[in-house]
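Top to bottom, those sequences are chains Z and Y. Okay, so the first sequence: first residue is 0 according to numbering that gives the first Met the number 0, each after it adds one. Okay, so the second sequence: first residue is 0 according to numbering that gives the first Met the number 0, each after it adds one. Glycine included, every Cβ here is placed at the ideal spot set by N, Cα and C. One structure is given below, encoded as structure tokens.
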Amino acid sequence: METTIKEKKQTYRPLVLDEEQQLLRESAKDYLREKSPVAAFRKLRDEANPQGYDKHLWQEMAQMGWAGLTIAEEFGGMNYGYLGLGIVLEEMGRTLTSSPINSTVLLGATLVSLGGSEAQKKTLLGGISEGKLVLTLALEEGNHHQSLPKQTTATKTAEGYTLQGQKTFVMDGHVADKMVVVARTSGNATDTQGITLFLVDAKAAGVNIHRSQLVDCRNYAKVSFENVTVSAEDVIGNVGEGFAILEKTLNIARIGLSAEMLGMMQEAFDRTMVYLKERKQFGVPIGSFQGLQHRSADMYCHIELCKSVVLKALMSIEEDSAQLPMYASLAKAKVGQTLARVSNEAVQMFGGIGVTDDEEIGFFLKRARVAQQSLGDYTYHLQRLVKFQKLA
Amino acid sequence: MVTTLEEFQIETRAWLEENCPLSMRQPVKSMDDVYWGGRKAKFNNEDQKQWFEKMSERGWTAPQWPKQYGGGGLSKDEARILKAETDRLNCRPALYSFGIWMLGPALLHYGSEEQKMEHLPKIVNGEIWWCQGYSEPGAGSDLAGLQTRAELQGDEYIVNGSKIWTSYADRADMIFCLVRTNPDAKKHSGISFLLIDMENEGVSTSPIKLISGKSAFCQTFFDNVKAPARNLIGEENAGWTIAKYLLTHERDMIGASFISEGQKTLAEMALETLGEDPQTEPILRTQVAQHEMDMLAFKLTLARSTDEAKQGQGMGAKSSMLKYLGTELNKDRHELIVALNGFDGLGWEGEEFNEGKIVRDYLRTKANSIEGGTSEIQLNIISKHILGLPG
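Listed below in structure tokens is the structure:
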């Protein structure tokens with residue numbers, strides 16, 4: 000009896016941030032507001048910045064430890080955990096900060112930490128922690144998120160493997176130093192067996208990278224692989240067994256992305272509330288109208304639901320919970336649904352000014368739509384929830 | 000005696016195993032299965048009596064109330080353990096009581112020492128069945144517009160007027176009431192909080208039948224009813240503060256009341272009613288998943304709100320959020336339960352339909368977003384007190 004009681008005690012973790020985590024939030028908030036307000040993002044867009052993010056700023060963030068938050072200390076990281084990364088992502092969502100954190104830390108470092116060999120970890124994670132290496136995941140092949148590649152293949156050769164195929168929506172693809180390419184080495188299109196992860200140098204012969212311009216003005220690329228030679232040492236995990244590493248990475252990244260979306264959602268909502276108190280029509284602030292008040296109050300409630308879901312999901316990463324896939328889908332679905340609504344309502348409540356490029360609120364709508372689509376949208380994850388509940 | 004929480008847990012588990020009769024670990028099927036106490040109280044059976052007496056002896060019918068008032072004197076953590084352990088065995092509450100849920104917390108906060116000594120022990124040991132007199136036929140959402148008049152004459156108040164939605168007023172011994180003591184003051188400033196004995200001359204009740212069939216609700220009439228002045232809680236004309244305190248408390252309870260661990264999830268019900276073939280009613284299955292998404296999010300939010308409150312981060316207006324979300328979700332849940340059950344879900348009478356339980360429960364949920372303050376009132380409160388939107 001005593002042991003069960005002890006176990007129970009250890010498993011309950013209150014759904015609150017501890018003091019250190021609150022401090023991290025405050026310092027991230029202050030730093031980003033000062034160094035990387037939405038105006039900085041507008042500037043990157045207006046000057047059609049070829050890098051797509053501020054390299055110097057990313058270097059500073061790395062020096063503060065943000066790039067290494069989830070990386071083990073032996074590889075130069077902070078080993079602070081995913082809740083910490085989630086806090087930083089949430090704050091970056093508030094300021095719409097463009098950086099390689101999603102591609103390199105959330106996807107790249109997670110994948111290498113989960114599936115990489117000691118040697119791979121040594122060479123890659125240190126560079127990531129220092130903000131010197133941009134590592135991304137080349138997964139998608141179509142217009143909708145898919146975790147299984149349809150046409151990218153790798154065939155065994157005397158030197159290792161030859162990669163053939165095309166990838167799209169590769170985050171930070173045109174500025175990446177290296178990418179992890181998801182390819183099929185055996186089996187049928189729907190088999191989870193036979194998926195292999197290859198570490199490919201962006202400059203390798205046969206790799207062609209073309210930057211895509213999406214509505215959020217972040218970095219995406221189409222990447223084609225024409226008979227690219229990869230050595231056997233550059234396989235991450237075991238040949239044909241990459242899917243488990245990939246899927247876990249994706250689940251973690253879905254949660255991290257949800258944290259960024261949560262930040263965006265809160266900022267868009269807060270700005271809308273400020274506007275409702277300032278903007279006058281009929282001689283009164285428009286926020287005094289019940290038609291707007293009730294919609295706002297209902298959104299507030301759903302934002303609170305999102306906060307709980309994201310917090311729990313981030314904790315489930317740290318606890319290595321068996322429920323991780325469920326929490327990932329719960330977070331991405333609920334946050335995606337709510338963000339769609341909050342960003343639409345924000346633009347509507349700002350009225351005419353809301354649809355102008357001069358006003359920043361439209362930037363939130365634009366980033367929101369791409370983030371919603373990335374790594375599975377609301378319906379994709381709702382479908383997974385249907386499956387997890389054994390309804391299908 | 001100082002014990003660690005672990006010792007407390009071990010001891011509590013053993014005590015419950017020993018003292019909670021097996022029949023008291025069965026789910027409550029109807030209100031006839033539960034014990035409400037009161038002057039005319041009768042136990043349905045020996046097990047119910049034993050369970051109630053054991054619990055009230057320890058003050059565990061009100062676990063966190065101070066011992067001097069008959070309560071259990073438990074800390075928050077101990078009370079949480081007790082709750083977890085009773086949940087674990089599926090123990091029924093030993094006593095159902097508006098005195099414990101509502102009046103007690105208000106008395107602890109606003110009552111005088113004499114009032115606490117007089118009323119709290121009788122609540123813990125189930126001697127008095129309390130009911131609540133807030134709403135009036137003309138004062139629903141505009142609760143502060145209530146008109147039931149109480150005039151001080153000597154050392155007694157004379158009460159005239161009528162209260163509505165007074166649950167179990169026809170069986171209760173006493174009522175805690177909001178009454179107007181100053182008709183000339185602004186509406187929030189002329190209200191007092193008064194305790195009235197239902198046996199007094201001039202009190203009468205009449206039951207209210209709901210769309211779901213018979214209900215516990217009554218209308219209660221006061222015709223020159225006397226109440227001693229010492230039954231006034233707090234200052235005269237300062238009753239609105241107590242009323243707001245109690246409403247917040249009530250909203251917390253309502254918000255959380257739809258969540259119980261033993262309850263079947265909607266997804267489980269969907270599998271039972273629709274079967275496992277995903278081709279059967281695919282859209283309904285999706286609606287169930289959507290509901291479960293929000294339900295999971297709501298459960299996590301309730302937990303987060305409790306955890307935040309423990310760290311002193313809570314705020315009162317959150318009750319409105321939990322009440323709003325909880326009741327709207329519960330209504331949605333019952334819409335889907337009816338849909339899952341098709342025609343069976345609409346059966347009103349007869350054994351084949353379990354006397355219409357599905358549809359009656361469903362109809363009853365329509366009141367969830369009205370009682371304790373409508374959803375619209377909760378949204379008003381959130382707008383004003385959380386979002387700071389103007390007037």
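For residue i and residue j, which I take to be in contact (beta-carbon distance under 8 Å), what is that distance rounded to the nearest angstrom?
i: Ala39(Z); j: Asp17(Z); result: Not quite, the Cβ-Cβ distance comes to about 31 Å (not below 8 Å), so this is no contact.
i: Lys322(Y); j: Gly371(Y); result: 6 Å
i: Val346(Z); j: Leu364(Z); result: 6 Å
i: Leu338(Z); j: Met264(Z); result: 5 Å
i: Ile254(Z); j: Ala312(Z); result: 4 Å
i: Ala226(Y); j: Asp154(Y); result: The pair is not a contact, with the Cβ atoms about 10 Å apart (cut-off 8 Å).
Could you spell out the range, first to last residue, of the alpha helix (DSSP H) harbouring residue i?
i: Val369(Z); result: 360–372
i: Met393(Z); result: This structure cannot speak to residue 393(Z), because chain Z is shown only from 0 to 391.
i: Ser307(Z); result: 289–317
i: Lys155(Z); result: Segment 152–155 is the beta strand (DSSP E) holding Lys155(Z); no alpha helix (DSSP H) there.
i: Phe342(Y); result: First-last for Phe342(Y): undefined, no H or E at that position.
i: Asp46(Y); result: 45–56
Does the beta carbon of residue i sit closer than 8 Å to a beta carbon anywhere in chain Y?
i: Val385(Z); result: yes
i: Gly286(Z); result: yes
i: Lys276(Z); result: yes
i: Asp215(Z); result: no
i: Asp297(Z); result: yes
i: Val15(Z); result: yes
i: Ala391(Z); result: yes
i: Ser211(Z); result: no
i: Gln265(Z); result: no
i: Gln280(Z); result: no
i: Met272(Z); result: yes
Could you tell me the alpha carbon to alpha carbon distance between residue i and residue j, rounded to whole angstroms?
i: Glu232(Z); j: Lys131(Z); result: 22 Å
i: Tyr167(Y); j: Ile122(Y); result: 16 Å
i: Glu117(Z); j: Met298(Z); result: 47 Å
i: Ala201(Z); j: Ala175(Z); result: 7 Å
i: Ser96(Y); j: Asn367(Y); result: 19 Å
i: Gln67(Y); j: Ala61(Y); result: 12 Å
i: Ile251(Z); j: Gly241(Z); result: 16 Å
i: Thr96(Z); j: Phe288(Z); result: 34 Å
i: Glu1(Z); j: Ala13(Y); result: With a pLDDT of 39 at Glu1(Z), under the threshold of 50, the modelled position of this residue cannot be trusted, and the question is left open.
i: Pro182(Y); j: Thr240(Y); result: 17 Å
i: Leu56(Z); j: Ser185(Z); result: 42 Å
i: Ser304(Y); j: Val15(Z); result: 9 Å
i: Tyr109(Y); j: Ala237(Y); result: 11 Å
i: Ala258(Z); j: Lys28(Y); result: 43 Å
i: Ser205(Y); j: Gln146(Y); result: 19 Å
Could you pull the start and end residues of the beta strand (DSSP E) that residue i belongs to?
i: Trp35(Y); result: Looking at the DSSP string, Trp35(Y) is not in any beta strand (DSSP E), and its letter there is neither H nor E.
i: Arg359(Y); result: Not the beta strand (DSSP E): Arg359(Y) falls in the alpha helix (DSSP H), residues 356–364.
i: Asn207(Z); result: 206–211
i: Pro227(Y); result: 217–227
i: Pro392(Y); result: Residue 392(Y) lies beyond the range of chain Y shown here (0 to 390); nothing can be said about it.
i: Met178(Z); result: 177–183
i: Ala71(Z); result: It is not in any beta strand (DSSP E) - Ala71(Z) carries neither H nor E in the DSSP assignment.
i: Asp86(Y); result: Where Asp86(Y) is concerned, there is no enclosing beta strand (DSSP E), although the alpha helix (DSSP H) it sits in stretches over 75–87.
Let me see if you follow: with CB-CB separation under 8 Å, is residue i close to chain Z or not?
i: Leu378(Y); result: yes
i: Glu17(Y); result: no
i: Gly139(Y); result: no
i: Gly390(Y); result: yes
i: Leu88(Y); result: no
i: Ile195(Y); result: no
i: Glu370(Y); result: no
i: Asn199(Y); result: no
i: Thr373(Y); result: no
i: Ile127(Y); result: no
i: Leu73(Y); result: no
* Residues of the region 254–286 of chain Y with a CB closer than 7 Å to any CB of chain Z: list them in chain order, please. => Ala266, Ala269, Leu270, Pro277, Arg284, Thr285
* Asked: Taking a cut of 8 Å between CB atoms, which residues from the region 289–316 of chain Y lie near chain Z?
  -> Gln289, Glu291, Met292, Asp293, Leu295, Ala296, Phe297, Leu299, Thr300, Ala302, Arg303, Asp306, Glu307, Lys309, Gln310, Gln312
* Asked: Going along the chain, which residues of the region 315–343 of chain Y sit with their C-beta nearer than 7 Å to a C-beta in chain Z?
  -> Met320, Tyr323, Leu324
* Quick one, which residues of the region 2–27 of chain Y are near chain Z if we go by CB-CB under 8 Å, in chain order? -> Glu5, Gln8, Ile9, Arg12
* Scan the region 323–355 of chain Z for residues whose Cβ lies nearer than 7 Å to a Cβ of chain Y and list them as they occur along the chain. => Leu329, Ala332, Lys333
* Asked: Got a sec: which bits of the region 301–312 of chain Z sit with their beta carbon under 8 Å from any beta carbon on chain Y, in order along the chain?
  -> Glu303, Leu304, Cys305, Lys306, Ser307, Val308, Leu310, Lys311
* **Chain-ordered residues of the region 370–385 of chain Z with a beta carbon less than 7 Å from chain Y** => Leu381, Leu384, Val385
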